[in-house]
Structure formats: C-alpha cells, structure tokens
Amino acid sequence: MGERYEESDGVEKAKIPLLRGQHEAEDDGDILVETKKLWRIVGPAIFTRISTNLILVITQAFAGHLGELELAAISIVSNVIIGFNVGLLLGMASALQTLCGQAFGAKRYDMLGVYLQRSWIVLFLFSILLLPMYFFATPILKYFGQPDDIAELSGSIAVWVIPIHFAFAFVFPLNRFLQCQLKNRFTIYKNTNSYGMLFRDSLESWYYKILILMTGNLEDTKIAVDSLSICMMINGLELMIPIAFLTGTGVRVANELGAGNGKGARFAMIISVTQSLVIGIVFSVLVVFLHDQIGWIFSSSEAVINAVKNLSILLAFTILLNSVQPVLSGVAVGSGWQSFVAYINLGCYYFIGLPLGFVMGWIYKFGVKGIWAGMIFGGTAIQTLILIFIVMRCDWEKEAQKASVRINKWSISDSEARN
Numbered sequence: 029m030g031e032r033y034e035e036s037d038g039v040e041k042a043k044i045p046l047l048r049g050q051h052e053a054e055d056d057g058d059i060l061v062e063t064k065k066l067w068r069i070v071g072p073a074i075f076t077r078i079s080t081n082l083i084l085v086i087t088q089a090f091a092g093h094l095g096e097l098e099l100a101a102i103s104i105v106s107n108v109i110i111g112f113n114v115g116l117l118l119g120m121a122s123a124l125q126t127l128c129g130q131a132f133g134a135k136r137y138d139m140l141g142v143y144l145q146r147s148w149i150v151l152f153l154f155s156i157l158l159l160p161m162y163f164f165a166t167p168i169l170k171y172f173g174q175p176d177d178i179a180e181l182s183g184s185i186a187v188w189v190i191p192i193h194f195a196f197a198f199v200f201p202l203n204r205f206l207q208c209q210l211k212n213r214f215t216i217y218k219n220t221n222s223y224g225m226l227f228r229d230s231l232e233s234w235y236y237k238i239l240i241l242m243t244g245n246l247e248d249t250k251i252a253v254d255s256l257s258i259c260m261m262i263n264g265l266e267l268m269i270p271i272a273f274l275t276g277t278g279v280r281v282a283n284e285l286g287a288g289n290g291k292g293a294r295f296a297m298i299i300s301v302t303q304s305l306v307i308g309i310v311f312s313v314l315v316v317f318l319h320d321q322i323g324w325i326f327s328s329s330e331a332v333i334n335a336v337k338n339l340s341i342l343l344a345f346t347i348l349l350n351s352v353q354p355v356l357s358g359v360a361v362g363s364g365w366q367s368f369v370a371y372i373n374l375g376c377y378y379f380i381g382l383p384l385g386f387v388m389g390w391i392y393k394f395g396v397k398g399i400w401a402g403m404i405f406g407g408t409a410i411q412t413l414i415l416i417f418i419v420m421r422c423d424w425e426k427e428a429q430k431a432s433v434r435i436n437k438w439s440i441s442d443s444e445a446r447n
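Read in our numbering, the sequence shown has 393 at position 365, and its numbers run on one by one without any break.
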C-alpha cells in the first residue's frame, strides 16, 4: 500500500505544468510542446489586451466622424494623458512578472501572494500621485504647444477617464500574478525591485507620446495630430499581440530560469521571437495593401485620409520592428535585466531617436513623416539590434544560477521580515 501511495503521489506531481527539476528537461527542443506552453499564456493575453484596447479604438473612431477637433482631442487623451500614466503603472506592475515568474518556477508559492499585495499597495498610492495629470491636462497641453481648442476639449475629457486610471493599478498586477501561474484565462473573464522595469517601460511608452506632442507644433496641427494618432492607434492595436508575446516570453523565460534550466529559457525565447515576427510580417503586408482604406475607419475627412495614406509605409515598418523588440524585452523581464535595458532605451530613444526626428522634421522640413522616420530608425531600430546582440551573447546557464540566488535571497529576506 505504501508503494502504491508513493506512486500515485508521484503521478499527481507530474501533472503539475512547468514545475520541473533542474535536470527534467526532456521536452526541451520540442517546438510543439514549447508552442503549446507559450500560447497558453499568449492566447488569452492577446484576447484580453485587444478587447480592452478596443474601448479606446472605438471611441476614437466615433470621435473622428464627429470632426477633426474631436478626433484630435480624444487622441491626445488616449495616447498622451492615459498613455503617459499607463507607461508608469505598467512598468511598476511588470516587476511583479519577474518576481512571481521566477518564484513559481522555483516552486516558492508562498511568495506569490506577498508580491501581489505589495504591488497593489504601491500602484494605488502611485496612482494618486499621478492625478494632477488629469486635473491639469489643459494647462499642461498648452505649455507643450497644443492649440487652445484642442487643449481645452482634451482637458474636459481627461477628468472623465480618471476611474480607468485607478482600475489599472489593480488590473495590471493581477494579470501578471495569474499569467505567471498559467492561470491567465481568468483575465478574459474579468477583462521592492521595480525601478528598472518602471523606467524601461515608461521611457518606451513616453517616446511615442512625445511624437504626438511634437506634431502639435507643426502647420495644420489638426491634420497632423489626427493622421499620426490614427496610425498610432492602428499600431497600438496590433502591438497588443507582440506585448502578449512579451508577457508570454517573460513568464516562460522566468519559469525556466527559476527551475534552473537555462537551455529551456533560450529555446523559449527563440520560439517566441520567431512566431511574433511571422505575425508582424503578415500585418505589415496588410497595412501596405490596405493603405488607402484604413483611414476611413477613423475619419471622413479627405485630408486626414490622404495624410494617413502617406504614413502607411512607416506604419508597416513600425509594426514589423515592434513584432521583435517587445518580445526581446520580455526576455529582459524574465531574466531580471530591466535596469540594463532601461539604459538602452534611454540612449536609443532620447539621445538618438528624438534628436534625429527633430532634425528630419524641422530642419529638413519633412514634417510628421520626418519626425516619425527619425524616431523609428534612430531609436527603435537601433534598440532592436542591440537587444538581438545581447540575447545572442547571453550565457543562459549562468542566468539560471543567478535566478536561483535571487529567489533564495528574496525568500530569506521575507522570512526575516516575518520573524
């Protein structure tokens, strides 16, 4: 009877997903097995993110058919006001992905709830500090050169979206808490070391918000803001897929490193990058073929639609780059490289991309197209190349050892705090 009990107990343990010992790596190298594990995270994450993002997309589409002013105002609120704050909250919440992911891989389940509760408290308090962005949106936008009529209407709209702002403080950590345990299907139904991730995500998010603000100082401001905002909204909607891969990659890499399996972490990264790139190529081709029709979804103005048509090639290239770069950032999340990647973001985006965009937009008089091209080729493209070089040179077995040391340190610190 004792032998049967031990055998039954062993079978039950074997049914627990992703909880393997350091040397139990028989599934490594199996593309189908890894794809299944990845899409258990990515699939629900795509559904959740797209359905949530569609709220803003549909709102912008309706506003665009009311008029150019309404489209410009709702675009500023969605992309700049909300986007600025979401970048901060997402960055802080994403630190939970590293903590819970590696703790789950190391079978330290007692730490998961502790990390979630701490994250909720920190993000809620931080949300209160960000409220002036909503209450004083009008003077802030005027200070950055937005026309008075756009700034006034944007300020009125910003106050009404404050409840969404507070919801993010609880939704973002909960999503990552569930995703790290492969319980992210629940996110469909509900629709400490965070500084590196905070600045990494914030710098990246603010980069494209600054792009929209910069267009407010060009001639034909409404047309420039409207056309660029439409492109950013389309890019943002498609970007939900690579961001879902970012989440999936972060979880899979963190789980494998936490379990001491560096080879499995590298293989998970390769599968994720490849599949995200294929999807990005498909959407880039669609944008090129439908370049003269996509503008009609958001506006009835011929001038705006023609401006969107002129930006379609840049939009397609942006989608292609963004199919790789976020996934590589997911590797950073799973490996705990957030601070290092934050410095890369700062250098590529703000010391290369923004100055190049300014030169091409104003010095060489290329307007919106010049600003966007400069920021894409000078910022995102260079950052992607650097990240590719880093992950290719990475010693994954050494990273697995670091993850084990990190988890042990957190566990000891938490035990001492309780005692």
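Just so you know, even glycine gets a beta-carbon here, dropped at the ideal spot from N, CA and C.
- Item | Between the CA atoms of A197 and A121 - distance to the nearest angstrom | When rounded, the distance between both Cα atoms is 8 Å.
- Item | Contacting residues, own chain, Cβ-Cβ under 6 Å from W424 (five flanking each side not counted) | The answer, listed in chain order, is G290, A293 and R294.
- Query: With distances taken between CB atoms, is the gap from F273 to V105 smaller than 7 Å?
  - Reply: Taking 7 Å as the Cβ cut-off, F273 and V105 do not qualify as a contacting pair.
- Message: Please give me, in chain order, every unbroken run of the alpha helix (DSSP H) with length at least 4 that falls completely inside the stretch 288-338.
- Response: Complete alpha helix (DSSP H) runs here, min 4: 290-317 and 330-338.
- Item | Residue burial classification, Q411 (beta-carbon count within 10 angstroms, cutoff 16) | Buried, by the Cβ-count rule.
- Determine the closest residue to I186 out of A252, A165, S351 and L413, with distance taken between C-alpha atoms. The sequence shown places Ala at residue 186, not Ile. Among A252, A165, S351 and L413, the Cα nearest to that of A186 is on A165.
- Thinking C-beta only, is E96 closer than 7 Å to K250? By the CB criterion at 7 Å, K250 and E96 fall inside the cutoff.
- Query: Whose C-beta lies closer than 8 Å to the C-beta of K170 among residues of the same chain, with five residues either side of it excluded?
  - Reply: Here the set comprises D176 and A179.
- Query: What is the residue span of the alpha helix (DSSP H) that P383 lies within?
  - Reply: It spans L382 to F386 - the alpha helix (DSSP H) in which P383 sits, taken as one unbroken run.
- Item | Three-pair Cβ contact test at 8 Å for the stretch 380-399 versus the stretch 413-430 | These segments do not touch.
- Message: According to DSSP, simplified to helix, strand and coil, what is Y371?
- Response: Look at Y371 here: in three-state DSSP terms it is helix.
- Query: Can you name the start and end residues of the alpha helix (DSSP H) that L413 belongs to?
  - Reply: In the DSSP assignment, L413 falls within the unbroken alpha helix (DSSP H) covering A409 to R421.
- Item | Span separating the alpha-carbon of T220 from that of L84 | Confidence is the limiting factor: at T220 the pLDDT is only 36, short of 50, which leaves the residue's position unreliable and the question unanswerable from this model.
- Message: What does the alpha-carbon distance come out to for the pair L241 and C422?
- Response: Taking C-alpha positions only, L241 is separated from C422 by approximately 37 Å.
- Query: Alpha carbon to alpha carbon, what distance is there between A331 and A123?
  - Reply: Whole-angstrom Cα-Cα distance: 43 Å.
- Message: Please report the distance separating the alpha-carbon of P191 from that of M420.
- Response: Each residue's alpha carbon lies about 43 Å from the other.
- Query: Leaving out the 5 sequence neighbours to the left and right, which residues in its chain are closer than 6 Å to G454 when beta-carbon positions are compared?
  - Reply: Beyond the ends of the chain as shown, which are 29 and 447, falls residue 454; an answer cannot be given.
- Task: Report yes if the CB atom of L384 is closer than 7 Å to the CB atom of G398, and no otherwise.
- Result: Not in contact: L384 and G398 (Cβ atoms no closer than 7 Å).
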